[in-house]
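Letter by letter, the sequence shown follows residues 1 to 680 in UniProt numbering.
Worksheet: the structure to be examined is printed underneath.
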Amino acid sequence: MTGAATLLSDVFGFDAFRPGQEEIVHAVAQGENVLAIMPTGGGKSLCFQLPALMRDGVTVVISPLIALMRDQVRALQEAGVSAGALTSGNTPEETDAVWDALERGELKLLYMAPERLAAGSAMGMLRRIGVSMIAVDEAHCVSQWGHDFRPDYLRIGELRRTLNVPLAAFTATADIETQAEIVQKLFDGEPPTAFLRGFDRPNIHLAFAAKDGPRAQILNFAAARKGQSGIVYCGTRAKTETLAQALREGGHGAIHYHGGMDADDRRIAERRFQQEDGLIVVATVAFGMGIDKPDIRWVAHADLPKSIEAYYQEIGRAGRDGAPAETLTLFGPDDIKLRRSQIDEGLAPPERRSADHGRLNALLGLAEALDCRRNTLLGYFGETETTCGNCDLCDKPAEVFDGTTAVRKALSAMLRTEEWFGAGHLIDILLGNRTDKIAQRGHDSLPTYGVGKEYDKREWQAVFRQMMGHDLIRPDPARHGALRMTDAALPILRDEATISLRRDSIRSAGTNRRPAVKEMVSEEDAPLLSALKAQRRALAEAARVPAYVIFTDRTLIEMAEKRPTNLDAMAGISGVGAKKLERYGETFLQVINGAVNDVHPTRRKLAGRAAGTVYDQLMDAQAQLARGAGGTDKPLSCSASQLAKVAQMRSADAGALERLLGERRAERFGAAFLAVLSAA
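Structure follows, in structure tokens:
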């Protein structure tokens with residue numbers, strides 16, 4: 001069984017595992033049943049792809065989306081791995097190629113959609129091809145109460161029992177409840193070896209902002225990141241179309257995506273986003289799972305997500321290559337009302353609705369956080385030791401004030417109007433605005449009428465929004481969205497507790513700052529990075545594959561910063577494996593350094609390895625002895641393949657060299673070659 005470290009370097013081009021990967025790879029390769037919960041972009045795919053190469057037989061990968069499977073197969077093939085997918089999107093030629101590879105016993109990874117397991121022929125086929133392991137991507141899809149539930153995921157447990165092979169399940173978004181469902185339905189309740197690898201994505205900058213002209217806020221955010229790939233999530237289909245149009249009018253490449261589009265149009269949008277640099281997709285949550293584009297540089301939410309898990313999963317689309325990425329989430333009272341009503345009016349049982357309110361509360365707590373957002377986010381997932389410095393509240397700490405009196409005044413206005421009104425009418429009462437509605441109902445005679453003049457209307461709107469964010473008040477769908485007090489507000493009302501609010505969110509309600517973009521490289525390296533991207537785009541278009549399949553942004557950034565001068569140095573760049581070095585190394589060196597001396601293909605294969613240096617030394621020794629020690633003999637040389645074999649000898653003596661080179665070459669070069677090998 002080839003070692004994990006060797007395959008990691010030679011095939012995938014990485015010098016070291018990411019945190020937590022090595023233990024998971026070892027467990028999966030040893031045939032253990034495994035449940036791995038890793039952060040989005042934490043390298044889950046490698047944790048089953050690499051063991052598949054270490055084990056005999058075929059690894060079947062169950063994955064939820066055709067686009068995701070096709071992209072992973074293309075990336076593996078670019079790295080020199082025999083992989084294929086059986087999907088409804090295959091051409092007849094692609095399907096034939098997969099079957100041929102299976103029949104020859106060459107295929108190492110076979111990707112399949114869960115729906116294919118419903119076909120009676122699938123089980124017989126899988127029995128016949130010698131499956132040695134099952135890998136399940138996005139394992140949380142087995143949860144019947146999850147937002148990504150796929151009924152055919154329930155067949156995977158039966159598949160594991162039938163084939164009697166180990167199963168490795170991977171996900172990034174599984175709370176305790178979902179983890180229990182995965183264990184029950186995929187592993188028949190037998191606890192697998194479990195790995196929980198922290199949820200932190202330190203390269204992603206977290207930021208929230210109260211809505212204040214949200215279209216302009218999104219347009220400003222995108223303008224500061226022009227030319228970078230991004231996603232804007234919207235709450236409605238109509239908004240995706242209008243906002244995409246506004247971005248195009250602002251000079252961006254932008255498309256929309258939602259579940260109401262024709263299937264062909266959705267596929268075109270997915271393909272464009274995967275293959276085009278700098279494209280923005282404005283989408284509902286229908287666009288997301290399975291998007292494995294590693295160089296998405298930013299994600300914005302034009303509307304509040306529905307839960308903290310959804311937020312985590314959606315921002316996790318950004319920066320999967322490990323390079324810096326940014327997020328912005330906009331929210332307002334209407335978002336909160338919508339999300340509450342969706343939960344209350346849903347068909348879920350009461351305990352599920354209560355849990356969903358809890359998940360929304362966790363997200364609102366993050367939105368209205370008074371200090372570091374990363375601490376708040378990771379605290380929800382049970383992580384207490386965190387380091388940030390990469391969120392808006394670490395950039396500029398919030399100015400906090402004691403909001404207890406303001407909250408009591410607002411609660412008093414609600415209770416004295418019997419909780420039948422929304423924030424607008426309550427604010428008019430607090431400000432003493434004698435509207436027709438107030439006069440008709442006699443609310444100008446209430447004790448709370450005019451007691452809130454220390455704030456203006458916009459400031460009171462911020463107070464009410466923060467009260468909703470702290471779950472002190474909720475809209476009541478039975479009363480057409482009128483605000484009602486929750487039990488959490490009682491201690492404040494009774495003077496048994498105080499509450500802090502953010503003054504900056506009140507003061508800045510009318511401001512609209514343009515966020516500053518974080519550059520990916522220094523100003524000095526930016527032109528080279530642009531040239532490398534242009535070369536990558538040309539190669540990707542010629543091969544009709546996504547650009548990141550050639551090299552990820554992170555790899556190009558490292559090239560621009562380190563500027564390798566030869567293939568050996570290029571082999572040391574993270575993400576440049578042996579196959580990609582052979583295929584693209586000289587092309588990208590030409591971009592970096594101009595003309596590159598032609599390198600023999602045999603020497604190219606040794607680039608970045610110790611044997612490559614030894615090969616060069618053997619070439620020098622051979623050149624000095626080409627006409628013998630005295631320089632008068634008939635020219636003689638070894639072939640490139642012979643020199644490569646000598647360079648890779650682990651133990652060498654005169655007899656071994658003679659068997660490899662023949663008597664004449666061993667006589668002329670043997671002593672010099674042995675001297676090189678002994679010094680290596």
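A virtual CB, placed ideally from N, CA and C, is assigned to each residue, including glycine.
This structure is a prediction, so every number in the text was calculated from the model and none was measured.
Legend entry - Those residues which DSSP pairs with tyrosine 233 across a bridge: Ala283 and His301
Legend entry - Integer Cβ distance of aspartate 295 from threonine 552, believed to fall under 8 Å: 6 Å
Legend entry - Option in Arg484, Gly57 and Ala462 with minimal Cα separation from leucine 472: Nearest of Arg484, Gly57 and Ala462 to leucine 472, Cα basis: Arg484.
Legend entry - Beta-bridge partners of glycine 84, as assigned by DSSP: For glycine 84, which the question treats as bridged, DSSP gives the partners Leu110.
Inset, instruction - Rank Ile336, Asp371, Thr384 and Phe14 by C-alpha distance to the C-alpha of leucine 364 and give the top, closest one. - result: Checking every option, the nearest Cα to that of leucine 364 belongs to Ile336.
Legend entry - Element boundaries [alpha helix (DSSP H), containing valine 676]: 663 to 679
Inset, instruction - Count the C-beta pairs between the stretch 220 to 229 and the stretch 32 to 49 that are closer than 8 Å, then say yes if the count reaches three, no if not. - result: no
Legend entry - glycine 575 versus threonine 59: straight-line alpha-carbon distance, rounded: 23 Å
Legend entry - Spatial neighbours of valine 549 in its chain, beta-carbon cut-off 6 Å, leaving aside the 5 residues before and after: Arg74, Ala75 and Glu78
Legend entry - beta strand (DSSP E) segment containing serine 132, residue limits: 131 to 136
Legend entry - Buried versus exposed call for proline 64 [16 or more other C-beta atoms within 10 Å across all chains shown]: Residue burial annotation: proline 64 is buried, with at least 16 other C-beta atoms found within 10 angstroms of its C-beta.
Legend entry - Pairwise C-alpha distance: alanine 283 and alanine 302: Going by C-alpha positions, alanine 302 is about 10 Å away from alanine 283.
Legend entry - Beta-bridge pairing of proline 601 - partner residues as DSSP gives them: Note: proline 601 sits in no beta bridge, so no partner.
Legend entry - Bridge partners - glutamate 326, DSSP secondary structure assignment: His205 and Trp298
Inset, instruction - Kindly indicate which residue of Gly432, Glu459, Ser445 and Gln440 has the alpha-carbon position closest to the one of valine 451. - result: Distances from the CA of valine 451 to each of Gly432, Glu459, Ser445 and Gln440 were compared; the closest alpha carbon is that of Gly432.
Legend entry - Residue closest to arginine 665, alpha-carbon to alpha-carbon, out of Ala644, Gly628, Val25 and Glu138: Gly628
Legend entry - At least 3 beta-carbon pairs within less than 8 Å: the stretch 407 to 420 vs the stretch 310 to 330: no
Legend entry - Opening and closing residue of the alpha helix (DSSP H) in which histidine 425 lies: It spans 423 to 431 - the alpha helix (DSSP H) in which histidine 425 sits, taken as one unbroken run.
Inset, instruction - Give the straight-line distance between the Cα atoms of alanine 516 and asparagine 361, rounded to the nearest whole angstrom. - result: Reliability of the predicted coordinates at alanine 516 is poor, the pLDDT of 47 falling under 50, and no value is obtained from them.
Inset, instruction - Mind checking which residues open and close the beta strand (DSSP E) that includes phenylalanine 401? - result: 400 to 402
Legend entry - Separation of arginine 339 from methionine 559, as counted between CA atoms: 45 Å
Legend entry - Close-in-space but distant-in-sequence residues of the same chain around alanine 369 (CB under 7 Å, 5 per side omitted): Thr376 and Leu393
Legend entry - Own chain partners of phenylalanine 208 with C-beta closer than 6 Å, once the 5 adjacent residues on each side are dropped: Thr329 and Ala367
Inset, instruction - Quick one: using the 10 Å Cβ neighbour count with 16 as the cut-off for buried, is isoleucine 176 buried or exposed? - result: exposed
Inset, instruction - Using only alpha-carbon positions, find the residue among Glu345, Lys533 and Ala169 that is nearest to proline 477. - result: Glu345
Legend entry - Residue of Gly230, Gln342, Leu68 and Asp15 minimising C-alpha distance to threonine 87: Considering only alpha carbons, the answer is Leu68.
Inset, instruction - Provide the residue(s) that pair with aspartate 476 in DSSP beta bridges, ordered along the chain. - result: Ala482
Legend entry - Span of the alpha helix (DSSP H), counted from its first residue to its last, around alanine 571: 567 to 571
Legend entry - Every unbroken alpha helix (DSSP H) inside the stretch 348 to 406 [4 residues or more]: 350 to 367, 373 to 380 and 392 to 395
Legend entry - Element boundaries [alpha helix (DSSP H), containing leucine 606]: First-last for leucine 606: undefined, no H or E at that position.
Legend entry - Coil, strand or helix - alanine 629 by DSSP: coil
Inset, instruction - Leaving aside the five residues before and after aspartate 402 along the sequence, list all residues of the same chain whose C-beta is less than 7 Å from its C-beta, in chain order. - result: Thr498 and Ser500
Legend entry - Environment of leucine 347 [buried if 16+ CB atoms lie within 10 Å]: exposed
Inset, instruction - Verify the CB distance criterion: does alanine 569 have a CB-CB separation below 7 Å to chain C? - result: Among the chains in the structure shown there is no chain C, since it carries only a single protein chain.
Legend entry - Contacts around glycine 20, its chain only, beta-carbon distance under 6 Å, and the 5 residues preceding and following it disregarded: Arg197
Inset, instruction - Between the Cα of threonine 240 and those of Leu618, Gly250 and Ile255, spot the shortest distance and give me the residue it belongs to. - result: The residue with the shortest Cα to Cα distance from threonine 240 is Ile255.
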